[in-house]
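Student: Below is the structure I would like to discuss, written out as structure tokens.
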Amino acid sequence: MATEQSQRGLENGKGQRLARALGWFSHGLGLAQLIAPSDVARLIGVKDDDDNRALLRVVGVREIVAGFGILVRPRPAGWLWARVAGDAMDLTLLGAALTSDNAKRNRVAAATAAVAGITALDVLCATRLRSSRGATVGSAPQDDTRDVEKAITVNRPPEEVYGLWRDFENLPRFMLHLESVQVMGDGRSHWKAKAPAGRTVEWDAEIVDDRPNELITWRSLEGADVRNTGSVRFNPAPGGRGTEVRVKLQYDPPAGKLGASVAKLFGEEPNLQLREDLFRFKQVLETGEVVRSEGSLDGARLRQRPAQPPEDGTER
Amino acid sequence: MKATCWMGRNTVQVQEVPDPKILNARDAIVKITSTSICGSDLHLVDGYVPSMIKGDILGHEFMGEVVEVGKGVNNLSIGDRVVVPFPIACGACNACQNQAYSLCENSNPNAWMAEELWGHSTAGIFGYSHLTGGYAGGQAEYARVPFADVGPLKVPDGVTDEQALFLSDVLPTGYMGAEMCNIRPGDVVAVWGAGPVGQFAIVSAFLLGAERVIVIDRFPYRLQMARDKAGAETINYEETDVLDALKEMTGGRGPDACIDAAGLEAHGHGVAFAYDRAKQAAKLETDRPTALRQAIMACRNGGIVSIIGVYGGFVDKFPIGSVMNRSLTIKAGQTHVHRYMRPLLERIQNGEIDPTFIITHTLPLDQAPHGYEIFKHKQDNCEKVVLKA
Ligand SMILES: NC(=O)c1ccc[n+]([C@@H]2O[C@H](COP(=O)([O-])OP(=O)(O)OC[C@H]3O[C@@H](n4cnc5c(N)ncnc54)[C@H](O)[C@@H]3O)[C@@H](O)[C@H]2O)c1
Ligand SMILES: [Zn+2]
Ligand SMILES: [Zn+2]
Chain A
1 MATEQSQRGL ENGKGQRLAR ALGWFSHGLG LAQLIAPSDV ARLIGVKDDD DNRALLRVVG
61 VREIVAGFGI LVRPRPAGWL WARVAGDAMD LTLLGAALTS DNAKRNRVAA ATAAVAGITA
121 LDVLCATRLR SSRGATVGSA PQDDTRDVEK AITVNRPPEE VYGLWRDFEN LPRFMLHLES
181 VQVMGDGRSH WKAKAPAGRT VEWDAEIVDD RPNELITWRS LEGADVRNTG SVRFNPAPGG
241 RGTEVRVKLQ YDPPAGKLGA SVAKLFGEEP NLQLREDLFR FKQVLETGEV VRSEGSLDGA
301 RLRQRPAQPP EDGTER
Chain B
317 MKATCWMGRN TVQVQEVPDP KILNARDAIV KITSTSICGS DLHLVDGYVP SMIKGDILGH
377 EFMGEVVEVG KGVNNLSIGD RVVVPFPIAC GACNACQNQA YSLCENSNPN AWMAEELWGH
437 STAGIFGYSH LTGGYAGGQA EYARVPFADV GPLKVPDGVT DEQALFLSDV LPTGYMGAEM
497 CNIRPGDVVA VWGAGPVGQF AIVSAFLLGA ERVIVIDRFP YRLQMARDKA GAETINYEET
557 DVLDALKEMT GGRGPDACID AAGLEAHGHG VAFAYDRAKQ AAKLETDRPT ALRQAIMACR
617 NGGIVSIIGV YGGFVDKFPI GSVMNRSLTI KAGQTHVHRY MRPLLERIQN GEIDPTFIIT
677 HTLPLDQAPH GYEIFKHKQD NCEKVVLKA
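Note that the protein sequences, when read in sequence, are chains A and B.
Just so you know, the first sequence maps onto residues 1 to 316 in the working numbering.
Just so you know, the second sequence maps onto residues 317 to 705 in the working numbering.
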């Protein structure tokens with residue numbers, strides 16, 4: 001398991017570097033095609049007329065868009081597939097140039113080969129990133145200890161925002177993976193979280209620091225299924241916009257089978273999970289409860305049902 | 317109940333589905349009397365807005381009678397007649413408190429999806445993909461209305477369904493499109509698209525003091541409606557070069573403000589149009605900005621381009637150089653409907669606006685698929701379809 005993971009990490013690192021290089025290649029090629037279509041036309045051997053120049057401009061713009069996507073996304077597999085599609089379009093265009101009379105066939109053939117080569121790289125790179133990221137979008141790197149950090153602004157005064165969080169028994173209202181939190185006194189609490197296949201993981205936690213309306217930090221105690229620490233900070237937002245809430249979590253998924261289910265528990269996307277929890281926390285404070293739609297009955301989930309009223313008895 | 321469902325690209329069916337129920341304390345259930353089909357629905361049906369799921373109930377323009385209220389709703393009673401704004405807004409977040417209701421920070425349970433595509437999320441919208449919440453829509457016999465204490469507007473007895481229905485969307489949308497133009501005395505406003513949104517943009521531009529309004533489309537019956545009912549001058553872009561004509565009509569200056577009321581499926585011709593269609597089909601761009609490009613190029617130096625036609629994702633060949641070098645201002649948005657419903661209702665009541673002129677077809681809910689067909693293909697001189705539940 002560990003070796004498999006580090007192997008994947010390595011592959012993925014290569015994939016990332018390759019992706020970045022392709023991003024710049026896309027940018028460079030795109031800009032050249034856009035700014036100097038005649039030069040590019042001459043270079044690849046198609047007739048330098050209005051139509052071909054326009055065509056190359058078109059291709060140039062597409063290269064820039066794909067390049068942009070590759071450079072700004074942390075895990076750009078989707079964008080790479082756009083590049084592959086773009087490459088296919090170029091190959092078709094070049095194929096058309098090959099069969100036309102006025103093209104200098106050798107150069108077109110060379111350009112075709114070059115684009116075909118890049119296509120192969122794109123496919124390789126997209127497949128590598130795809131295989132390491134599952135079926136979801138925009139995931140974050142998965143290390144062994146996980147650090148997750150998110151912020152949200154809530155349009156309520158710090159006292160109120162702090163108050164809702166400080167009573168840990170409230171947390172399961174908006175942290176959907178928690179089954180219950182029981183406050184035991186002495187700054188101690190007992191946490192129970194849902195794990196896949198009907199399992200639960202449990203731990204005791206203690207408050208490490210508690211500054212009313214400003215900060216709460218906690219950590220799990222000896223014997224926890226999942227060792228974890230967390231902090232939440234409350235700062236007044238500027239201009240009377242309420243309270244900025246910043247949460248930091250760090251946890252160590254244990255090794256073995258349990259580790260795998262804990263990884264699932266915190267989601268393939270720990271960042272997304274925390275973001276959603278905070279989103280619901282804000283909803284509870286600002287609107288009184290978690291907002292539900294027909295498509296997301298429990299108020300934000302990756303799996304959607306059709307936007308139709310639920311059958312009787314299936315509300316949750 | 318019966319509901320109009322999205323069953324796949326280009327497939328709309330009226331189906332039997334469960335009745336809605338209260339899911340949140342601030343919900344109400346409305347028994348729908350009138351609902352309509354919008355240009356935005358066409359974008360969904362034509363498959364340009366991602367995240368639709370087979371079975372999704374369509375429709376975001378509707379009104380009817382309150383038949384049930386959740387325990388958190390104190391301002392509505394059973395039997396009230398209401399018209400419902402299409403964006404869903406909580407009334408309590410920073411955006412809502414700034415009256416930017418279509419940017420409500422709490423009403424889109426699928427905010428994460430919108431964040432992936434747009435960077436930040438917008439409000440939830442009835443019957444408008446999972447990207448904006450996955451809410452069941454209003455082309456049905458009943459609908460659940462979240463935040464019923466914030467959105468629905470009570471309709472006074474003397475006002476008919478036909479007069480009130482468009483307060484849910486297209487009337488406020490046309491109005492906001494014109495309001496974003498900061499119209500000053502003497503201004504000439506140009507509007508791309510003579511659909512319902514375009515017609516109301518024309519009417520509103522005049523109400524806000526425009527000297528002249530010029531509308532651009534290719535359907536003679538729509539242009540005629542704009543001339544006869546809304547008082548606009550018209551350009552048929554299939555017969556005339558739009559940029560030349562607009563320069564000529566404005567003494568070479570260009571319109572002071574340009575409103576894009578056509579949106580992401582804008583039509584066009586020539587190589588550029590073929591290019592956009594091909595790229596859209598290959599998913600290399602999501603939107604086809606032919607009208608928007610033209611609106612930008614046409615606008616006078618220092619003028620305003622107001623975008624109320626819907627765009628979903630990315631466009632190519634966006635003339636940013638024209639925007640930057642000529643000091644243009646771009647304003648845009650899904651309409652903050654709640655902000656405009658009351659004042660526009662007053663204008664309807666005192667006779668300043670008669671929104672009923674756009675209605676060309678009234679059909680029973682059962683015939684929604686036929687309504688979509690004629691509205692989409694602009695058949696039978698269709699301008700706006702109202703469905704009666
Ligand atoms: N901002 C909002 O909140 C909001 C609300 C409602 C509708 N909309 C959007 O407004 C747009 C119009 O809606 P509608 O109900 O009037 O739809 P519609 O389909 O009836 O009207 C669109 C019109 O634009 C015309 N058109 C197409 N290409 C054109 C071009 N290149 N130049 C000039 N005109 C062109 C069409 O011929 C048609 O008459 C849609 O994109 C819709 O999604 C936005
Ligand atoms: Zn609409
Ligand atoms: Zn809000």
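Beta carbons: idealized from backbone N, C-alpha and C, even for Gly.
Remember, it's a predicted structure, so these values are computed and weren't measured experimentally.
Closer than 9 Å, CB to CB, is Y688 of chain B near chain A or not?
Tutor: Here residue 688 of chain B refers to the residue found at position 372 of the second sequence. Not one chain A Cβ lies under 9 Å of Y688 of chain B.
Student: Establish whether the CB of T327 of chain B and some CB of chain A are separated by less than 9 Å.
Tutor: Translated into positions along the second sequence, residue 327 of chain B becomes position 11. By the rule that beta-carbons nearer than 9 Å mark a contact, T327 of chain B does not touch chain A.
Student: Quick check on the burial criterion: 16 or more other C-beta atoms within 10 angstroms. Buried or exposed for G514 of chain B?
Tutor: To locate residue 514 of chain B, count along the second sequence from 1; it is residue 198. When all chains shown are included, G514 of chain B counts as buried.
Student: Tell me the residue span of the beta strand (DSSP E) that contains M379 of chain B.
Tutor: Taking the first residue of the second sequence as 1, we reach residue 379 of chain B at position 63. Taken as a continuous stretch (DSSP letters only), the beta strand (DSSP E) holding M379 of chain B covers E377 to V385.
Student: For P501 of chain B and L481 of chain B, I'd like the C-alpha separation in whole angstroms.
Tutor: One-based indexing of the second sequence puts residue 501 of chain B at position 185. One-based indexing of the second sequence puts residue 481 of chain B at position 165. Roughly 31 Å between the two C-alpha positions.
Student: On a Cα-Cα basis, can you pick out the residue from B:R397, B:G467, B:K318 and B:N422 that is closest to E332 of chain B?
Tutor: For the purposes of this step, residue 332 of chain B is taken as the residue at position 16 of the second sequence. Checking every option, the nearest Cα to that of E332 of chain B belongs to B:K318.
Student: According to DSSP, what are the bridge partners of I152 of chain A?
Tutor: Looking up residue 152 of chain A in the first sequence gives position 152. A:V245.
Student: What whole-angstrom Cβ distance do L215 of chain A and S189 of chain A have, given they're in contact under 8 Å?
Tutor: Start at 1 with the first residue of the first sequence, and residue 215 of chain A comes out as number 215. Start at 1 with the first residue of the first sequence, and residue 189 of chain A comes out as number 189. Actually they do not touch by this definition, with Cβ atoms about 17 Å apart.
Student: In the DSSP assignment, find the unbroken beta strand (DSSP E) run with D576 of chain B in it and report its ends.
Tutor: By one-based count along the second sequence, residue 576 of chain B stands at place 260. It spans A573 to D576 - the beta strand (DSSP E) in which D576 of chain B sits, taken as one unbroken run.
Student: With a CB to CB cut of under 6 Å and the five nearest residues on each side skipped, what residues in its chain are close to E286 of chain A?
Tutor: Start at 1 with the first residue of the first sequence, and residue 286 of chain A comes out as number 286. The answer, listed in chain order, is N155.
Student: Using a Cβ cut-off of 9 Å, pull out every chain E residue sitting near N422 of chain B, in sequence order please.
Tutor: Included in the structure are the protein chains A and B, with no chain E among them.
Student: Over the uninterrupted alpha helix (DSSP H) stretch that includes Q182 of chain A, give me the two end residues.
Tutor: On the first sequence, position 182 is the one that residue 182 of chain A refers to. First-last for Q182 of chain A: L178 to G185, but that is the beta strand (DSSP E), not the alpha helix (DSSP H).
Student: Please compile the residues from chain A whose C-beta is within a distance smaller than 7 Å of the C-beta of R593 of chain B.
Tutor: Against the second sequence, residue 593 of chain B aligns to sequence position 277. Near R593 of chain B there are no residues of chain A at all, since even the closest Cβ is about 13 Å away, more than 7 Å.
Student: Could you give the residue range of the alpha helix (DSSP H) that holds N228 of chain A?
Tutor: For this step, residue 228 of chain A is matched to residue 228 along the first sequence. Where N228 of chain A is concerned, there is no enclosing alpha helix (DSSP H), although the beta strand (DSSP E) it sits in stretches over R227 to P236.
Student: Which one or two residues does DSSP pair with S622 of chain B in a beta bridge?
Tutor: In the second sequence, residue 622 of chain B corresponds to position 306, counting from 1. In the DSSP output, where bridge partners are listed per residue, S622 of chain B has B:I575 and B:K647.
Student: Check the DSSP bridge columns for H190 of chain A and list the partner residues they point to.
Tutor: For this step, residue 190 of chain A is matched to residue 190 along the first sequence. In DSSP, H190 of chain A forms a bridge with A:Q182 and A:D204.
Student: Compute the Euclidean distance between the alpha carbons of R292 of chain A and G454 of chain B, then round it to the nearest angstrom.
Tutor: Along the first sequence, read from residue 1 onward, the residue named residue 292 of chain A stands at position 292. Along the second sequence, read from residue 1 onward, the residue named residue 454 of chain B stands at position 138. Cα-Cα distance, rounded: 17 Å.
Student: Based on the DSSP secondary-structure assignment, which residues constitute the bridge partners of S352 of chain B?
Tutor: Reading the second sequence from its first residue, position 36 is the one you call residue 352 of chain B. According to DSSP, which records beta bridges pairwise, S352 of chain B is partnered with B:E377 and B:V702.
Student: List, in chain order, every chain A residue whose beta-carbon is nearer than 9 Å to that of H359 of chain B.
Tutor: Position 43 of the second sequence holds residue 359 of chain B. Going along chain A, no residue has its Cβ under 9 Å from H359 of chain B, so there is no contact; the nearest lies around 16 Å.
Student: Please tell me whether L56 of chain A has its Cβ less than 9 Å away from any Cβ of chain B.
Tutor: Numbered from its first residue, the first sequence carries residue 56 of chain A at position 56. Low confidence applies here, because L56 of chain A scores a pLDDT of 47, under 50, leaving its location unreliable; read the following figure in that light. Not closer than 9 Å to any Cβ of chain B, the Cβ of L56 of chain A fails to qualify, so no.
Student: If you draw a straight line from the C-alpha of K347 of chain B to the C-alpha of S484 of chain B, how long is it?
Tutor: Position 31 of the second sequence, counted from the start, is the residue given in the question as residue 347 of chain B. Position 168 of the second sequence, counted from the start, is the residue given in the question as residue 484 of chain B. In a straight line, the C-alpha of K347 of chain B is about 15 Å away from that of S484 of chain B.
Student: Use the C-beta contact count for H446 of chain B: other C-beta atoms within 10 angstroms, 16 or more gives buried, fewer gives exposed.
Tutor: Residue mapping note: residue 446 of chain B aligns to position 130 of the second sequence, counting from 1. H446 of chain B is buried by the Cβ-count criterion.
Student: Does the beta carbon of Y451 of chain B fall short of 8 Å from some heavy atom of ligand 3?
Tutor: By one-based count along the second sequence, residue 451 of chain B stands at place 135. Not so, every heavy atom of ligand 3 lies at least 8 Å from the Cβ.
Student: Cβ of Q650 of chain B versus every heavy atom of ligand 1: is any distance shorter than 8 Å?
Tutor: The residue you call residue 650 of chain B lines up with position 334 of the second sequence. Yes, ligand 1 has a heavy atom inside 8 Å of this Cβ.
Student: Among B:N410, B:P334, B:L487 and B:D343, whose alpha-carbon lies nearest the alpha-carbon of E668 of chain B?
Tutor: Within the second sequence, the letter at position 352 stands for residue 668 of chain B. Here the closest residue by C-alpha is B:L487.
Student: Any beta carbon of chain A sitting closer than 9 Å to that of Y417 of chain B?
Tutor: Taking the second sequence and counting its residues from 1, one reaches residue 417 of chain B at position 101. Not an interface residue.
Student: Mind pulling the chain A residues with CB within less than 7 Å of D372 of chain B?
Tutor: Mapped onto the second sequence, residue 372 of chain B falls at position 56. Going along chain A in sequence order, the residues near D372 of chain B (Cβ under 7 Å) are P306 and A307.
Student: Distance, Cα to Cα, G242 of chain A vs P157 of chain A?
Tutor: As a working mapping, residue 242 of chain A is identified with position 242 in the first sequence. As a working mapping, residue 157 of chain A is identified with position 157 in the first sequence. Approximately 5 Å, taken between the alpha carbons.
Student: If I measure Cβ to Cβ from G356 of chain B and keep anything under 6 Å in the same chain, skipping five residues before and after, which residues do I get?
Tutor: Within the second sequence, residue 356 of chain B is the residue found at index 40, counting from 1. As written in the sequence, residue 356 of chain B is Ser, which differs from the Gly given in the question. Contacts found: V626.
Student: Counting only beta-carbon separations shorter than 9 Å, does G163 of chain A have a partner in chain B?
Tutor: For this step, residue 163 of chain A is matched to residue 163 along the first sequence. It does not; no Cβ of chain B falls within 9 Å.
Student: Taking the continuous alpha helix (DSSP H) assigned at I690 of chain B, which residues delimit it?
Tutor: Against the second sequence, residue 690 of chain B aligns to sequence position 374. Here the alpha helix (DSSP H) through I690 of chain B covers A684 to K692.
Student: Going by Cα to Cα distance, which pick from B:M323, B:V653 and B:Q329 is closest to G407 of chain B?
Tutor: For the purposes of this step, residue 407 of chain B is taken as residue 91 along the second sequence, with counting starting at 1. When each option's Cα is compared against that of G407 of chain B, the closest is B:V653.
Student: Which first and last residues belong to the alpha helix (DSSP H) in which P680 of chain B is found?
Tutor: The sequence position of residue 680 of chain B within the second sequence is 364, counting from 1. Per DSSP, P680 of chain B lies in no alpha helix (DSSP H) segment; the continuous beta strand (DSSP E) that holds it begins and ends at H677 to P680.
Student: Measure the alpha-carbon distance for A411 of chain B versus F402 of chain B and round it to whole angstroms.
Tutor: Numbered from 1 along the second sequence, position 95 holds the residue referred to as residue 411 of chain B. Numbered from 1 along the second sequence, position 86 holds the residue referred to as residue 402 of chain B. Going by C-alpha positions, A411 of chain B is about 16 Å away from F402 of chain B.
Student: Between the C-alpha atoms of L164 of chain A and N170 of chain A, what's the straight-line distance to the nearest angstrom?
Tutor: Walking along the first sequence from the start, residue 164 of chain A turns up at place 164. Walking along the first sequence from the start, residue 170 of chain A turns up at place 170. Taking the straight line joining both Cα atoms gives about 7 Å.
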